[in-house]
Ligand SMILES: [Zn+2]
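In this note's numbering, the protein residues as written are 19 to 106.
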């Protein structure tokens, strides 16, 4: 059954298929701008803040990281400060 397909026909069919796939590939590239990467970067940098202060737990002047809830964490001893940043 499969052998009954003429060679010429299957050859031109494959060529057309390749052309179609190439066309669709190029179209997809056009549809996908770089904005997706920019979006991801904005999300990861939006909420996280950090500042330098003297830690009341270990006494070192170190960097504190503020999480989304406003809690500051000492990067030296990992202690969480008793106060919150940016929250009334
Ligand atoms: Zn500390």
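Yeah, the Cβ is synthetic: ideal placement off N, Cα and C, and Gly gets one too. Every value quoted in this text rests on a predicted model; they were computed, and no experiment measured them.
Quiz prompt | residue 94 Cβ short of 7 Å to ligand 1 heavy atom set | solution = Indeed, a heavy atom of ligand 1 lies less than 7 Å from the Cβ.
Self-check item: Buried or exposed (CB count within 10 angstroms, at least 16 for buried), residue 71
Solution: If you draw a 10 Å sphere on the C-beta of residue 71, you find fewer than 16 other C-beta atoms in it, and that means exposed.
Practice problem: Compare the Cα-Cα distances from residue 77 to each of 67, 97, 85, 86 and report the closest residue. | Solution: Residue 97 is the option with its Cα nearest to residue 77.
Exercise. Would you check if the distance between the CB atom of residue 89 and the CB atom of residue 69 is smaller than 8 Å?
Key: No, they are not a contact pair.
Practice problem: Please find out if some non-hydrogen atom of ligand 1 comes closer than 7 Å to the beta-carbon of residue 78. | Solution: For ligand 1, at least one heavy atom lies less than 7 Å from the Cβ of residue 78.
Practice problem: Could you please give me the residues that DSSP links to residue 98 through a beta bridge? | Solution: Its beta-bridge partners are 91.
Quiz item: According to DSSP, what are the bridge partners of residue 71?
Solution: DSSP lists 80 as partners of residue 71.
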